[in-house]
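The structure appears below as C-alpha cells.
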Amino acid sequence: FLNPVTDAIAPGYSKVIKKPMSIGTMINKIENNQYHDIKTWEQDVRLMFKNCVDYN
1 FLNPVTDAIA PGYSKVIKKP MSIGTMINKI ENNQYHDIKT WEQDVRLMFK
51 NCVDYN
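Per this note's numbering, the very first residue in the sequence shown carries number 1; after that it's consecutive.
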C-alpha cells in the first residue's frame with residue numbers, strides 16, 4: 001500500500017483500477033495541502049482498500 005501499484009508488479013492493474021490510490025500518494029497530498037478535511041482523506045483510504053479488493 002505504500003507505493004503506487006504499477007502494471008509491472010500487478011499485471012493489468014491499470015485496466016482494472018481506474019483511480020489508483022496509495023499511502024505514498026496520500027502523503028504527497030498531505031504535504032501539498034490537498035486535503036481540506038478528514039472526509040476527503042477518508043475517501044482516499046477507502047478507495048485504496050476498494051482497489052485492493054477489486055483487483056484481487
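Even glycine gets a Cβ: it sits at the ideal position worked out from N, Cα and C.
### Query
In three-state DSSP terms, what is K19?
In the structure shown, K19 sits in coil (DSSP, three-state: anything other than H, G, I, E or B).
### Query
Between W41 and the rest of its own chain, which residues show a CB-CB distance below 6 Å, the 5 nearest in sequence each way excluded?
The answer, listed in chain order, is Y35.
### Task
Indicate the three-state DSSP secondary structure (helix, strand or coil) for L47 in the structure shown.
DSSP places L47 in the helix class (H, G or I) of the three-state scheme.
### Query
What number of angstroms, rounded off, separates the C-alpha of G12 from the C-alpha of N51?
Roughly 13 Å separates the two Cα atoms.
### Task
Assuming M26 contacts D37 (C-beta within less than 8 Å), just tell me the rounded distance between them.
About 14 Å; that fails the 8 Å criterion.
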